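Q: One structure follows; several queries about it will come next.
Protein chains in written order, with this note's numbering: chain A, 1 to 268; chain B, 1001 to 1278.
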């Protein structure tokens, strides 16, 4: 197998994910409506309840809508990663996961390609959301649209790796409800997506620590700073570290020698 | 090579395995691919916790061989296929595909293998061509060459007029034909089929059987076809009877029938497995 084979394989996996996404228009609309509902309705309702002080990267008082926009991008990425998880489990139940795993390319590379495909769709969704949000008054500096791209890729990869690991561990599609309850909601609400962490700290010190160790918090902060042309080194380091750990777990989960896939096969 | 053994599951098995392992080793050494056999399984064992799914399984496939892997549900057929396709690694013994040990050289082994899985594996939301292009990409084929091969294989299974339709619009039999076409896109020299006719009507079943027969006869493809439907085993095939994770008999169908002292393969199968069932 030469590098060109690797390239063609990854291109094929990304192309298929894109086609699947475009073919399922309902999924495309749902992926956009979800954060827009939060932006238009939730944020409007809460803008007078939750005061936002001047905190970096902002240099002035900002409306609540503007504060939660990066959090909603994080939401898009989180849902996309978990939907990819869903499709992996669905694929496995339907058997099409098997066609991926009998490819002669190394399994870790197939998993990384799958992650890249997930992130490509998530980045596309994020930009469409930012485009619509522009007309709702969320107008970061023009260069911010460019500087946010690496942050979207890194945070998307981290969440996608988490999704892949979960997909190797759960056995059935029905367990996706459990993923919603035990992964998506806790990660989203115990983060800085909807409220600055200083408000959480004032309310509950323990919850503040939970938010601080939640990698999703740092993914949101990475995106938030990047959108305003700033680099948050701490968030970047935490997200990169979490990406490394989750990717290692995912590769281990799908390892033919000792992965969870072996143990699950025995239980079937 | 026309060896056949109908062996006592416990008593004679070890001796048979030794003979086969020696023979396999001779044929599998040297430069893989040149003279190596399509598939050599030697002393293969696998357990899930306490449950022994496969116990000391040994057999081999020659070029052009059409071998029916016959076994009841739960005999270990799917586990065997999962190990040959390296969904997970085997614990004991070895699996060589054209001389390449699957655990050590998975890329070389898998590149030479075409697989039709038991469960439907086409993406229903993609067209037939898109499904096959995806498979071609997974094998690193250049798009232009893939397009030519896809057209040819689809033509051979008689579905040219449905190429651009979504897979969900096809009947069960047509989907299976597409899956066989897909398994051949990267031009493997060996084909694995895991109960490919389950749920199909008689005409579709016959089409698949004839198509695989043709591939073995005219292109020298080695095929391993798992089934629990005895009707699918004809006298020109080789057969391996798998029962509770062990091989009870293997060889050309007439030899297995004769050695089991039976009048038909059905009777031979009943005799071999009947005494061992509850």
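Don't be surprised by glycine CBs; every beta carbon is placed ideally from N, CA and C.
On a predicted model such as this, the values are computed, not experimentally measured, just so you know.
Can you tell me which of 1229/B, 1126/B and 1227/B puts its alpha carbon nearest to the alpha carbon of residue 1163/B?
A: 1126/B
Q: Starting from residue 1194/B, trace the beta strand (DSSP E) in both directions and tell me its first and last residue.
A: 1190-1194
Q: Here's the rule I'm using: 16 or more other beta-carbon atoms within 10 Å means buried, otherwise exposed. How should residue 149/A be labelled?
A: exposed
Q: Mind the definition here: the segment 1142-1157 of chain B touches the segment 1090-1110 of chain B only if three or more C-beta pairs lie below 8 angstroms; say whether that holds.
A: no
Q: Per DSSP, residue 1039/B is paired with what?
A: 1061/B and 1097/B
Q: What separation, rounded to the nearest whole angstrom, lies between the Cα atoms of residue 1054/B and residue 1064/B?
A: 26 angstroms
Q: Which of helix, strand or coil does DSSP assign to residue 1119/B?
A: Residue 1119/B: coil per DSSP, three-state reduction.
Q: Write down the C-beta distance between residue 1076/B and residue 1242/B rounded to the nearest angstrom, noting that I regard them as a contact closer than 8 angstroms.
A: Between residue 1076/B and residue 1242/B a beta carbon distance of about 6 angstroms is seen, short of the 8 angstroms cut, so the two are scored as contacting.
Q: Following the continuous beta strand (DSSP E) through residue 1252/B, name the residue where it begins and the one where it ends.
A: 1246-1252
Q: In the segment 87-123 of chain A, which residue ranges form an unbroken alpha helix (DSSP H) of at least 4 residues, counting only runs that do not cross its ends?
A: 96-101
Q: Please classify residue 114/A as buried or exposed, where buried requires at least 16 neighbouring CB atoms within 10 angstroms.
A: buried
Q: With respect to the beta strand (DSSP E) encompassing residue 1225/B, which residues constitute its N-terminal and C-terminal limits?
A: 1222-1227
Q: Is the shortest distance between the beta-carbon of residue 1160/B and the beta-carbons of chain A less than 9 angstroms?
A: For residue 1160/B, the closest Cβ of chain A is not nearer than 9 angstroms.
Q: If contacts are defined as beta-carbon pairs under 8 angstroms, then residue 254/A and residue 168/A qualify, I think. What distance do you get, rounded to the angstrom?
A: About 5 angstroms separates the two Cβ atoms, so the contact holds.
Q: What residue does the alpha helix (DSSP H) around residue 1243/B start on, and which one ends it?
A: Looking at the DSSP string, residue 1243/B is not in any alpha helix (DSSP H); the run it does join, the beta strand (DSSP E), is 1238-1243.
Q: Taking residue 139/A as the reference, which of 63/A, 188/A, 118/A and 75/A has the closest Cα?
A: The option with the nearest alpha carbon to residue 139/A is 63/A.
Q: Can you list, in chain order, the residues of its chain with a C-beta nearer than 7 angstroms to that of residue 1233/B? Leave out the 5 residues immediately preceding and following it.
A: 1068, 1070, 1239, 1253 and 1265
Q: Please report the straight-line C-alpha distance between residue 123/A and residue 153/A, rounded to a whole angstrom.
A: 7 angstroms
Q: Please list, in chain order, the residues of the segment 1128-1159 of chain B that have any C-beta partner in chain A closer than 8 angstroms.
A: 1130, 1133, 1134, 1135, 1136, 1137, 1138, 1139, 1140, 1141, 1142 and 1143
Q: Among the candidates 39/A, 73/A, 26/A and 105/A, whose CA atom is the shortest distance from the CA of residue 219/A?
A: 73/A
Q: Quick one: what does DSSP say residue 1270/B is sitting in, helix, strand or coil?
A: helix
Q: Would you check if the distance between the CB atom of residue 1040/B and the CB atom of residue 1061/B is smaller than 9 angstroms?
A: yes
Q: Got a sec, what are the start and stop residues for the beta strand (DSSP E) residue 1068/B sits in?
A: For residue 1068/B, the enclosing beta strand (DSSP E) covers residues 1066-1070.
Q: Helix, strand or coil for residue 1139/B? Go by DSSP, reduced to three states.
A: coil
Q: For residue 1088/B, is the classification buried or exposed, using 16 other Cβ atoms within 10 angstroms of its Cβ as the cut-off for buried?
A: buried
Q: Please decide whether residue 102/A counts as near chain B, where near means a Cβ-Cβ distance under 9 angstroms.
A: yes
Q: Using DSSP with H/G/I as helix, E/B as strand and the rest coil, what is residue 1052/B?
A: strand
Q: Can you check whether the C-beta of residue 15/A is within less than 9 angstroms of a C-beta belonging to chain B?
A: A Cβ of chain B is located within less than 9 angstroms of the beta carbon of residue 15/A.
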